[in-house]
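Chains as they are written, first to last, in my numbering: chain H, 32 to 505; chain S, 18 to 336. Some notes on the structure that comes next.
What follows is the structure in C-alpha cells.
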C-alpha cells in the first residue's frame, strides 16, 4: 500500500505504523466475505437509523445515500493533541479577526490584509460594522478541513465558518461502528464523541443575550424539508432537545423574536441557524426570501437574540482570506501557526497569476467563493479543452481565483468491491466556541474519495465518510 | 410545542385514518357490487363509495360513469381527489417528514414504507399495467397495515406529551367524520321501516356497513342476534365499547383534549365544544334519534365535528 507515492496512514501491511498495528492485524485476519457482509449490514443500518430521511422526492432516493466506509481511520492521541491545539489557535484567530474587521479594523490599518479584499468581499456584511458579537464570538461552530501529506503535519485546506455540515454523519458513523465491530471497537478504547450535542447545547446557551431571563430558549432554524441537509437539521434538533423551526414559525415584535407554539408566542433567545445570511431576513437582505423571518436582524442588533454563527462570519472562510491566515494568526496570537496552510497562489497578484497560467495542468484552481467541489479545475485530470476554457475564465476575473498544487492527500485503508484498498481522505473536526471556552470532539468527520485515485472527497461528487478514532498512543 | 408541529401531527394522523377508511370502503363496495343484481337493490355501490368518501362532486368533474374501474382508480390514485389513497399517504408522509423529530423511527418507517410500495403500484400503472383484483387487494392490505403500524408504534413508543395528544386527536376527529359519513350515505337502509319495505335484500347493505368499520364480528358479540338495521345504527352511534362509534370517538376526543388542557394549564373553547358534543351523544337514545330523523342527527353531528376542527385550529394550531 505504501507504493502509490502518497502517504498511507496505515503504512505497509507488513510494517504498519504503530497506531494502526491492531487494525492491520484485524484486516489481515478477517476473511473478505466477512467484510462484505458487514458492508451490507452497514447499509441496512443506515437506512434504518435515519439516513433514509435524507431521501428526496423519489427515484434518485438510492443515490442520495452517502457511502459509509466500515474501516475506521485512526489518529494517535499525540497527533490529535497537536491538531487540537492548532484548531483552537486558528478558530480563536478567526473570531478575533471578525471582531476586528467589523470593529476597529486594526489589521486593515496595519496593512496585513488588503482592505478591499475584506470590505468588498461577498461575505462581508456592511450592516454588521460597529456591531459587537456577544462575548466576541462570531463563529460558534467551525468546521476546519484538514489533510495530511506525511506523518508530521496537518495542513488546513479550508475553513468553514458559515454553516458547516456533516456532524450528524460523524455521530451516526460512530453508532454504526459500535454495532458492526463491537470487539474491534472495545479493544481500541476510542475517545468518545457522543457528548457533542451536549457540548453544542451548552455552547449555544452560553452565548444567549444578556437580556435573557432564566433558561435561554434555543432553536435550530432550517430552510425546510427540501433542503439537502434537512436530515442533519432534524437530527441535531432532536439530539439537542430543542425545536426545529422554519422561518414561518418565527415572528419578531418590538425587536424580540418569538416562535408560534400551541400555547401562544414563546420568546427565542438563541438561533442555531442553518440558513445562509442572505435568506435570514427579507427586510435586511434578499426581499424575496421566505426562509427567514422579517425583523430578525433588528432583533439581533437590539441584542435580543443571538444567531449562531453570527451574520457576516462568512467573510473569514473566503478562500482569498484563507491565504492570509498565517499572517492573521501571527497578528492576533503573536505566535506561529501550529497548522500549516496549503501553499496558495493568489491570482489577484499579477506575478502569481502569470505562474498559475503557465502551470494550469499541474495546479488545482478554485473560485474564492465556491464550495462543495464545484467550479474548480483539477489540472492534472482535466482535458485540454477544459483547461483552455478555464484559462479564459481565469483571465477575465483573476481576483476570483486561487491556485494550489495538486495535493497528495494521505490515504487510508478502505473497503471496496475488490477487498481493502487505499483511498484518499481529509478530516473535518467541529470546533465549538462559546462564552465558556472552546471545545472540539476528538476526531471529526473523515471524508473519503471512494473512487481509486480520486482526490475529491465532497459528498456531492461521490465521496463517502468514515468513522475517525482517536486512540491512546501505545 | 411549535404550532406547526402540532398541526403536522394532527393532519398526519387524519390522513392515515382517512387512507384506512377509503381502503375499507373500497373493500366493502367491491363485495356488494359482486352480488347478483337482485340482492343489490337500486343503489349503485360505487356511487355510495364516492359519497361516503366525500368525492362525488370531484368525480363528477371527471365525467366518467361511476363503475368499479373508474371509482377504484379515482379513490386510489387520482391526484385531483384530495381524499385518494395516493394523496392521503403522500400528505401523511409530507407531514411526517416535517416533524420527524416528534415521531419514532417506527412510525416514520410505517408511513414511508407504505408510500414506497404505493409508488411501485403507480409506476406499474403508468406503464399501462391494469390493476387486477389480486393486486388491488394487496394494495389495500398495505394501506390498512400502515394505519395499524402508525397507530401501534405511536401507542407503544411515543412519550405521552402534547405530540401524542395531537396525533390521537387527529385519528379520532377523522374517524368520527368517517363513521358519520358512512352512516349518512346508508341512512335510508337503516330506517326501521326499511326492514318491511326492502325485506332481507338490505341485509347485505347492513353487513357492508359493518364490514367497512370492521365491526361485523363485533356486532354479533354485542347483540347476539341477527343483523337489524336499527342495531347497526345503535352500534355505530351510541355504543361506547365500539371503537369507531361516534360516542367512543368523542369519549376519546374529550380525554385527549383534557390531557392537553392539564398539560397547558388551561381549558378552552375546544374542550367545551367537545364535551357538549359528547353530552348530546350520551343523552341520545335510538328511539328519539329515529323520531327526529337519523339523517338530521348525523348531519348535525358532522357539522359539530367540523366545527371542533376549526376551534382546535384557532386554539392551538394557528397563532
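Glycine included, each C-beta is placed from N, C-alpha and C at the ideal position. As the structure is a computational prediction, the values presented were derived from the model and not from experiment.
Residues of chain H with CB under 7 Å from residue i, in chain order?
i: residue 19 of chain S; result: 274, 276, 280, 290, 291 and 292
i: residue 333 of chain S; result: 293
i: residue 118 of chain S; result: 265, 268, 269 and 275
i: residue 115 of chain S; result: 256
Does any CB atom of chain B fall closer than 9 Å to the CB of residue i?
i: residue 229 of chain H; result: You won't find chain B in this structure, because its protein chains are H and S.
At a CB-CB cut-off below 9 Å, which residues of chain H make contact with residue i?
i: residue 281 of chain S; result: 293 and 294
i: residue 23 of chain S; result: 292 and 293
So, with DSSP's three-state summary, where would you put residue i?
i: residue 32 of chain H; result: At residue 32 of chain H, the pLDDT of 39 sits below 50, so the modelled position is not reliable; the number obtained from the coordinates is stated separately. In this structure, residue 32 of chain H counts as coil in the three-state DSSP scheme.
i: residue 503 of chain H; result: coil
i: residue 296 of chain H; result: strand
i: residue 355 of chain H; result: coil
i: residue 273 of chain S; result: helix
i: residue 224 of chain H; result: coil
i: residue 131 of chain S; result: helix
i: residue 333 of chain H; result: coil
i: residue 319 of chain S; result: helix
i: residue 322 of chain H; result: coil
i: residue 223 of chain S; result: helix
i: residue 204 of chain S; result: helix
i: residue 162 of chain H; result: coil
i: residue 39 of chain H; result: strand
i: residue 76 of chain H; result: helix
i: residue 84 of chain H; result: Confidence at residue 84 of chain H is low in this model, with a pLDDT of 43, below 50, so the placement of that residue is unreliable and no value is reported for it.
i: residue 314 of chain S; result: helix
i: residue 112 of chain H; result: helix
i: residue 143 of chain H; result: coil
i: residue 121 of chain S; result: coil
i: residue 214 of chain S; result: Unreliable placement is indicated for residue 214 of chain S, whose pLDDT of 43 sits below 50; no coordinate value is reported for it.
Looking at the secondary structure, which residues open and close the alpha helix (DSSP H) in which residue i lies?
i: residue 24 of chain S; result: 20-50
i: residue 106 of chain S; result: 102-115
i: residue 288 of chain S; result: 286-300
i: residue 213 of chain H; result: 213-219
i: residue 59 of chain H; result: 52-60
i: residue 252 of chain S; result: 246-254
i: residue 104 of chain H; result: Taken as a continuous stretch (DSSP letters only), residue 104 of chain H belongs to no alpha helix (DSSP H), being part of the beta strand (DSSP E) at 99-107.
i: residue 89 of chain S; result: 85-93
i: residue 76 of chain S; result: 73-79
i: residue 264 of chain H; result: 261-271
Would you list the one or two residues that DSSP bridges to residue i?
i: residue 173 of chain H; result: H/462
i: residue 191 of chain H; result: H/174
i: residue 453 of chain H; result: H/444
i: residue 304 of chain H; result: H/252
i: residue 239 of chain S; result: DSSP lists no partner for residue 239 of chain S.
i: residue 186 of chain H; result: H/178 and H/371
i: residue 495 of chain H; result: H/479
i: residue 123 of chain H; result: DSSP output for residue 123 of chain H lists no bridge partner at all.
i: residue 376 of chain H; result: H/434
i: residue 282 of chain H; result: H/289
i: residue 397 of chain H; result: H/433
i: residue 409 of chain H; result: H/395
Residues of chain H with CB closer than 8 Å to the CB of residue i, please, in chain order.
i: residue 179 of chain S; result: 293
Could you check where the beta strand (DSSP E) with residue i kicks off and where it finishes?
i: residue 468 of chain H; result: 468-471
i: residue 436 of chain H; result: 432-436
i: residue 339 of chain H; result: 337-339
i: residue 274 of chain H; result: 274-276
Answer yes or no: the CB of residue i versus the heavy atoms of the ligand COA, is any distance below 8 Å?
i: residue 157 of chain S; result: Only the bare structure without any ligand can be found here, which leaves the ligand COA out of the picture.
With 9 Å as the C-beta to C-beta threshold (strictly closer), list the residues of the stretch 253-265 of chain H near chain S in chain order.
255, 256, 261, 262 and 265
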